[in-house]
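Asks: Residue numbering for the sequence shown follows this note's numbering, beginning at 66 and increasing consecutively. Got a structure for you, questions after.
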Amino acid sequence: MTESTPISLDNGGRPTDVVLDVDNLTVEFPTDDGVVQAVRGVSYQLRRGDSMGIVGESGSGKSVTSMAIMGLLPKTARIKGSVKLHGQELVGRSEKAYTDLRGNKIAMIFQDPLTSLNPVYTVGVQIGEAIQAHHDVSKKAARDRSIELLKMVGIPYPEQRVDNYPHEMSGGMRQRVVIAIAMANNPDVIIADEPTTALDVTVQAQVLEALEAAREETGAAMVLITHDLGVIAGHADRVCVMYAGKLVEKGTIDDVFYQPRMPYSLGLLGSLPRLDETGRERLTPIVGSPPSLLNLPAGCPFVPRCPLAQDICEHEEPDLIVTDGASHVAACHFHERLVGISSADLFGTTSIDTEDLTVAEIDPDLIGPAAVVHEGDGTQAPDLAKKEIS
């Protein structure tokens, strides 16, 4: 297939269950200091109507993965692997081919609606432009559709709001306008990149409701990128956990939230405040920082922060392996040791204030006789790699 060949979206006349197939996607950025390995071998599939969350710390590669899928990375980026939409390869396609797809068959919602919208055009004009870019309709028809979309995403008085400029709207309303633009052409895939960042809790809920409405209206598969595990729990069916540019755990919400098999995933869950907890349990921090993507270690990148780490972890990076079922995979040499273990058990945080405690001051019964001290931190973490877990 040559680059000038138009992208067929019907997979030879028969629709496929898999809408988006990402296989071993790798993204590198050459710099004066070296090569930044931003994304390393990411693979996942989305089926029609799926909702998948991607969660991880800042710099883990969540957004770069989606920008690569959308063809929005700079030309200096080195992209390898495969991204298929309805079975048709996207990696290496021309900008013209991507332009025909973006906003039509695949759409993206960015985290800052103020910079996503043009300040000198009304929101109605911008929604209408997205419609007319892919359909031969009149301005009046585009305006009518814009009003319909604004109403659909929960904006009051859409007949009046359609003539508002972005600065005349609140942050939550602007984000709903961006959602309206994304769903304007009934895409097959919607990628939402941190859609609730910098919004208060009430507005977050409204924006997420608008996203759900968009998914139901279009029947699209959705990728929800966020660092908020609560958002993932309430609005996704499956979740991928990313760390240092790589997927380290994949599974259903129940798999990952109730049976995490990667220490990083367990640590993320331990840092999440829960309304159903009645005790005095403290949130569990993961001490340390993610590694530099310019200079990744030979083994598992989570080793400096992981109480389970052993010699093999320092020299051999684990692949994703099946844990509790075919749909649940994790990248950890010792994933079976996490069965029945809480975040506090693993990382050593208790209900008392451990901020200034030394080794001698911490009750050994709380963490066991074997413990490691994290450099530069007074808190303790049990060395479960050297301690038998019943």
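All C-beta atoms, glycine included, are put in the ideal place defined by N, C-alpha and C.
1) For ASP258, which residues does DSSP report across the bridge?
2) Please list, in chain order, all residues of the same chain as SER211 whose beta carbon is under 6 Å from its beta carbon, the five residues on each side excluded.
3) Helix, strand or coil, according to DSSP, for VAL404 in the structure here?
4) I'd like the list of long-range same chain contacts for LEU385, defined as Cβ closer than 6 Å, with 5 residues on each side in sequence excluded.
5) Give the DSSP-derived three-state secondary structure of GLN153 in the structure shown.
6) Thinking C-beta only, is VAL202 closer than 8 Å to ILE244?
7) Closest to PRO260 by C-alpha separation, out of PRO221, GLY106, SER128, THR349, would be which residue?
8) Buried or exposed for THR141, going by 16 or more other Cβ atoms inside 10 Å?
9) What are the boundary residues of the alpha helix (DSSP H) that ALA275 is part of?
10) Thinking just about the alpha-carbon of each residue, which of VAL321, LEU294, ALA279 is nearest to the one in MET173?
11) Pull the bridge partners of LEU312 from the DSSP assignment, please.
12) Whole angstroms is fine: what's the gap from GLY157's alpha carbon to LYS145's?
13) Give every residue of the same chain whose Cβ lies closer than 8 Å to the Cβ of PRO178, excluding the five residues on either side of it in the sequence, and list them in chain order.
14) From the DSSP output, in three-state form, read off GLU93 for me.
15) Report the rounded CA-to-CA distance for THR444 versus ARG347, giving the unit in angstroms.
16) Out of THR283, PRO372, LEU273, GLU281, which has the shortest C-alpha to C-alpha gap to THR291?
17) What does ALA395 pair with, by DSSP beta-bridge criteria?
18) Is there contact here, the segment 371–388 with the segment 114–122, by at least three beta-carbon pairs under 8 Å?
19) Comparing C-alpha positions only, which one of THR388, ASN89, LEU90, ASP253 sits nearest to ALA168?
Replies: In this structure, then:
1) Paired residues: ILE290.
2) GLY189, ILE192, GLY193, VAL227.
3) Note: VAL404 maps to coil in three-state DSSP.
4) Only residues of its own chain outside the window of five on either side were considered, and among them VAL394, ALA396 have a CB closer than 6 Å to the CB of LEU385, listed in chain order.
5) Under the three-state reduction of DSSP, GLN153 is assigned to strand.
6) No.
7) Residue SER128 is the option with its Cα nearest to PRO260.
8) Burial check for THR141: the Cβ neighbour count within 10 Å stays below 16, so the residue is exposed.
9) Here the alpha helix (DSSP H) through ALA275 covers 266–283.
10) When only C-alpha atoms are compared, the closest one is ALA279.
11) The bridge partners DSSP lists for LEU312 are MET307.
12) Take the alpha-carbon of GLY157 and the one of LYS145: they are about 9 Å apart.
13) Excluding positions up to five away in sequence, the list reads PRO231, GLY236, ARG239, GLN240, VAL242, VAL243.
14) In this structure, GLU93 counts as strand in the three-state DSSP scheme.
15) Low per-residue confidence applies at THR444: pLDDT is 40, beneath 50, and the placement is therefore not dependable, though the value from the model is reported in the following sentence. Straight-line spacing of the CA atoms in THR444 and ARG347 works out to 13 Å.
16) Considering only alpha carbons, the answer is LEU273.
17) ALA395 is bridged to GLU314, ILE386.
18) The segment 371–388 vs the segment 114–122: no contact.
19) The amino acid at residue 168 is misidentified as Ala; the sequence shows Gly. Checked all of THR388, ASN89, LEU90, ASP253; the closest Cα to GLY168 is ASP253.
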